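Engineer: In our numbering, the protein residues as written are 3 to 503. Sharing a structure with you now.
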Ligand code: F6P
């Protein structure tokens, strides 16, 4: 344990049930607004004393220097020897990288203009195939922002299970479909198989030149050309943009096409506003860093292994899925940047759902279970529909009631089964509305919070070697069959796939 951690451990724990009583300015002190997003941490265990102790930890971990290195395009992804330049996609980063990203965006815009002008014939449907970071971001954007637009029918397919693709294209006409193949590496098995099946479906549907209707979104243009995509329809992005940080690059193509270029630009501007806040504001007033302090507190001091994220807005129902990859793939690590073992918790297991559905399914455990789960509520002041305002009122009332109930609890000495312990923390993130700008700021907040957590722990959030072993073994089953496997794996392969696999 370092000196700073000892200082954090020495801070007395406040009682959440009474925390507002002794602190008249608690709400103002632990609330911040950035880019149309209001963060309220006042219902967590954070105190001024604790914040001061965490600020020392940030100093000890050279937080300011590492943050500046991120924006300066230094090679902070040490295990892969490269920079992490997703912020350059939003215009915030090293000037050369910003210029490259701008040129790539211009290329994407020109292709979108050409598609809109029917340069490739009429296009009605877009099938975007990609997985992980090459699907989750565009999916979230289309689901959150694309509900009222009918510019194109956009289907985003990730799972290699043929049921997913079959379902996605069942109402599409192959002759008016454009295939977007999204893969940073252009080697991912699931994506390449799905892409090939879309080509086959086009051929069967009478499309004479299916490759003429393919757009590649990739950091490996050579591989896309090898696969058959014409150079003019390759939308590159930089190798320094990580997969789970790539929705701002050409990976966002289906959203830029489906929502329109203005919406895509506004998304980037919202993210840039959060970037500037993260980069320029004092550490005492820094939203992503503050959230990371609280994450670290619950992980280390209270032993919380998970964090629940509940979107009280149907438009954000895919946010928990998106955050799972962002946080768990980034920070689910066991070694520090210097190769030494991590001696404590790293990423929380991120899970969640939508309010009010989750209330009627999983909130029992949050209120009365024996494990403590910090909860994050996300709601929007403006509704996403034109129905009776009662819908939105009931939605928000429920959201705010849950936070109050978790904190306050209710004693019941006569009937313990009906008692609520209370003292359970929650953060409320209130959006002005679910617009491209606000969503851009919100996603960038989560990216920077993930980075801030990594700095406080001392790990590299930008590699993901943990996913490689399973991929290798799957490939060896394809090529070498069952030889060398344990009896359980061998039996499964033989039973489900045939003895000579
Ligand atoms: O296997 C994990 C992963 O590498 C993710 O990091 C990435 O987002 C996803 O696979 C897809 O990779 P690609 O964009 O190269 O197809």
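Cβ coordinates follow ideal geometry from the N, Cα and C atoms, glycine included. Quantities reported herein were computed from a predicted structural model and do not represent experimental measurements.
Relative to the alpha-carbon of residue 291, which residue among 181, 446 and 93 has its alpha-carbon at the smallest distance?
Structural biologist: Counting from 1 along the chain shown, the entry for residue 291 is found at position 289. Ranking the options by Cα distance to residue 291, first place goes to 446.
Engineer: Please determine whether the Cβ atom of residue 134 lies at a distance below 7 Å from any heavy atom of ligand 1.
Structural biologist: Start at 1 with the first residue of the chain shown, and residue 134 comes out as number 132. Yes, since a heavy atom of ligand 1 falls inside the 7 Å radius drawn around the Cβ of residue 134.
Engineer: Mind the definition here: the segment 433–453 touches the segment 34–51 only if three or more C-beta pairs lie below 8 Å; say whether that holds.
Structural biologist: The segment 433–453 vs the segment 34–51: in contact.
Engineer: Using the rule of at least 16 other Cβ atoms within 10 Å of the residue's Cβ for burial, across every protein chain shown, is residue 297 buried or exposed?
Structural biologist: Locating residue 297 in the chain shown gives position 295, counting from the first residue. Residue 297 is buried by the Cβ-count criterion.
Engineer: With a Cβ-Cβ cutoff of 8 Å, do residue 347 and residue 336 count as a contact?
Structural biologist: Here the question's residue 347 lines up with position 345 in the chain shown. Here the question's residue 336 lines up with position 334 in the chain shown. Contact flag unset, no.
Engineer: Taking 7 Å as the cut-off, is the beta-carbon of residue 246 closer than that to any non-hydrogen atom of ligand 1?
Structural biologist: The residue given as residue 246 occupies position 244 in the chain shown. Yes, the Cβ of residue 246 comes within 7 Å of a heavy atom of ligand 1.
Engineer: Exposed or buried, what is residue 409 when buried is set at 16 or more other beta-carbons lying within 10 Å of its beta-carbon?
Structural biologist: Position 407 of the chain shown holds residue 409. Residue 409 is buried by the Cβ-count criterion.
Engineer: Examine ligand 1 and report whether any of its heavy atoms sits within less than 7 Å of the Cβ of residue 190.
Structural biologist: Position 188 of the chain shown, counting from 1, holds the residue named residue 190. Yes, the beta carbon of residue 190 sits closer than 7 Å to at least one heavy atom of ligand 1.
Engineer: Determine contact between the segment 127–146 and the segment 319–329, defined as no fewer than three beta-carbon pairs at a distance below 8 Å.
Structural biologist: Taking 8 Å as the limit for Cβ pairs, the verdict is that the segment 319–329 does touch the segment 127–146.
Engineer: Any heavy atom of ligand 1 closer than 7 Å to the Cβ of residue 466?
Structural biologist: By 1-based counting over the chain shown, the position of residue 466 is 464. Yes, ligand 1 has a heavy atom inside 7 Å of this Cβ.
Engineer: With 8 Å as the threshold, decide whether the Cβ of residue 395 is near any Cβ in chain C.
Structural biologist: The question asks about chain C, but that chain is absent: this structure has only one protein chain.
Engineer: What are the complete beta strand (DSSP E) segments, minimum 3 residues, inside the segment 307–387?
Structural biologist: Here the runs fully enclosed are 308–314, 351–356 and 377–382.
Engineer: When every heavy atom of ligand 1 is checked, does at least one fall within less than 7 Å of the C-beta of residue 469?
Structural biologist: Residue mapping note: residue 469 aligns to position 467 of the chain shown, counting from 1. Yes, Cβ of residue 469 sits closer than 7 Å to a heavy atom of ligand 1.
Engineer: Hey, quick one: how far does the alpha helix (DSSP H) through residue 199 stretch, first residue to last?
Structural biologist: Taking the chain shown and counting its residues from 1, the one referred to as residue 199 is at position 197. Note, residue 199: alpha helix (DSSP H), 191–206.
Engineer: Taking the beta strand (DSSP E) that residue 428 belongs to, which residues open and close that run?
Structural biologist: Stepping through the chain shown from its first residue, residue 428 is reached at position 426. From DSSP, the beta strand (DSSP E) with residue 428 extends over 428–433.
Engineer: Consider the C-beta atom of residue 185 and the heavy atoms of ligand 1; say whether any pair is separated by less than 7 Å.
Structural biologist: Position 183 of the chain shown, counting from 1, holds the residue named residue 185. Correct: residue 185 has its Cβ closer than 7 Å to ligand 1.
Engineer: With three or more beta-carbon pairs closer than 8 Å as the criterion, would you say the segment 41–59 touches the segment 283–290?
Structural biologist: In short, these stretches touch, since the Cβ pair count reaches three.
Engineer: Can you name the start and end residues of the beta strand (DSSP E) that residue 42 belongs to?
Structural biologist: Position 40 of the chain shown holds residue 42. Where residue 42 is concerned, the enclosing beta strand (DSSP E) stretches over 39–42.
Engineer: From this set, 207, 194, 114 and 144, which residue's C-alpha is nearest residue 133's C-alpha?
Structural biologist: Taking the chain shown and counting its residues from 1, one reaches residue 133 at position 131. The shortest C-alpha separation from residue 133 is found at 194.
Engineer: Thinking residue 159 and residue 167 are a contact (beta carbons under 8 Å), I'd like their distance in whole angstroms, please.
Structural biologist: On the chain shown, position 157 is the one that residue 159 refers to. On the chain shown, position 165 is the one that residue 167 refers to. So it is a contact: roughly 5 Å between Cβ atoms.
Engineer: Taking residue 34 as part of the beta strand (DSSP E), name the residues at either end of that continuous run.
Structural biologist: As a first step, residue 34 must be located in the chain shown, where it is residue number 32. From DSSP, the beta strand (DSSP E) with residue 34 extends over 33–36.
Engineer: Taking all protein chains shown into account, decide if residue 73 is buried (16 or more other Cβ within 10 angstroms of its Cβ) or exposed.
Structural biologist: As a position in the chain shown, residue 73 is number 71, starting the count at 1. Under this definition residue 73 is a buried residue.
Engineer: Rank 385, 227, 92 and 468 by C-alpha distance to the C-alpha of residue 314 and give the top, closest one.
Structural biologist: As a position in the chain shown, residue 314 is number 312, starting the count at 1. Out of 385, 227, 92 and 468, 385 has the C-alpha closest to the C-alpha of residue 314.
Engineer: Just confirm the distance between the C-beta atoms of residue 293 and residue 442, as a whole number of angstroms; I'd bet it's less than 8 Å.
Structural biologist: What you label residue 293 is simply residue 291 of the chain shown in a count that begins at 1. What you label residue 442 is simply residue 440 of the chain shown in a count that begins at 1. That belief does not hold up - the Cβ atoms of residue 293 and residue 442 are roughly 17 Å apart, past 8 Å.
Engineer: Considering Cα atoms alone, identify which of 183, 281 and 149 is closest to residue 260.
Structural biologist: Walking along the chain shown from the start, residue 260 turns up at place 258. Looking at the Cα atoms, 149 is the closest of the given residues.
Engineer: For residue 236, does the three-state DSSP call read helix, strand or coil?
Structural biologist: Within the chain shown, numbered from 1, the residue matching residue 236 stands at position 234. The answer is strand: DSSP assigns residue 236 an E or B state.
Engineer: For residue 354, which residues of its own chain have a beta-carbon under 6 Å away from its beta-carbon, when the five flanking residues on both sides are left out?
Structural biologist: Taking the chain shown and counting its residues from 1, one reaches residue 354 at position 352. So the list reads 310, 311, 312 and 322, once near-sequence residues are dropped.
Engineer: Residue range of the beta strand (DSSP E) that residue 285 falls in?
Structural biologist: Position 283 of the chain shown, counted from the start, is the residue given in the question as residue 285. Unbroken run through residue 285: none, as it is neither H nor E.
Engineer: Tell me whether residue 183 sits in a helix, a strand or coil according to DSSP, three-state version.
Structural biologist: For the purposes of this step, residue 183 is taken as residue 181 along the chain shown, with counting starting at 1. Residue state, collapsed to three classes: strand.
Engineer: Evaluate residue 564 with the Cβ neighbour count: other Cβ atoms within 10 Å of its Cβ, from every protein chain shown; 16 or more gives buried, anything less gives exposed.
Structural biologist: Any question about residue 564 goes unanswered here, given that the chain covers just 3 to 503.
Engineer: Would you call residue 196 buried or exposed, if buried means 16 or more other Cβ atoms sit within 10 Å of its Cβ?
Structural biologist: As a first step, residue 196 is located in the chain shown; it is residue number 194 there, counting from the start. Residue 196 comes out buried.
Engineer: State the DSSP-derived secondary structure class of residue 71, mapped to helix, strand or coil.
Structural biologist: Position 69 of the chain shown holds residue 71. DSSP places residue 71 in helix when its eight states are reduced to three.
Engineer: For residue 93 and residue 270, I'd like the C-alpha separation in whole angstroms.
Structural biologist: Here residue 93 refers to the residue found at position 91 when the chain shown is read from its first residue. Here residue 270 refers to the residue found at position 268 when the chain shown is read from its first residue. Cα-Cα distance, rounded: 8 Å.
Engineer: Our contact map puts residue 400 next to residue 371 with C-beta atoms below 8 Å; I'd like the distance itself, whole angstroms only.
Structural biologist: As a position in the chain shown, residue 400 is number 398, starting the count at 1. As a position in the chain shown, residue 371 is number 369, starting the count at 1. Going by Cβ atoms, the distance from residue 400 to residue 371 rounds to 20 Å, so no, they are not a contact pair.
Engineer: Quick one: is residue 117 buried, meaning 16 or more other Cβ sit within 10 Å of its Cβ, or exposed?
Structural biologist: In the chain shown, residue 117 corresponds to position 115, counting from 1. Looking at its Cβ environment, which holds 16 or more other Cβ atoms inside 10 Å, residue 117 is buried.
Engineer: Write down every uninterrupted run of the alpha helix (DSSP H) in the segment 112–179 whose length is 4 residues or greater and which is fully enclosed by it, in chain order.
Structural biologist: Counting only runs of 4 or more, we get 138–147 and 164–171.
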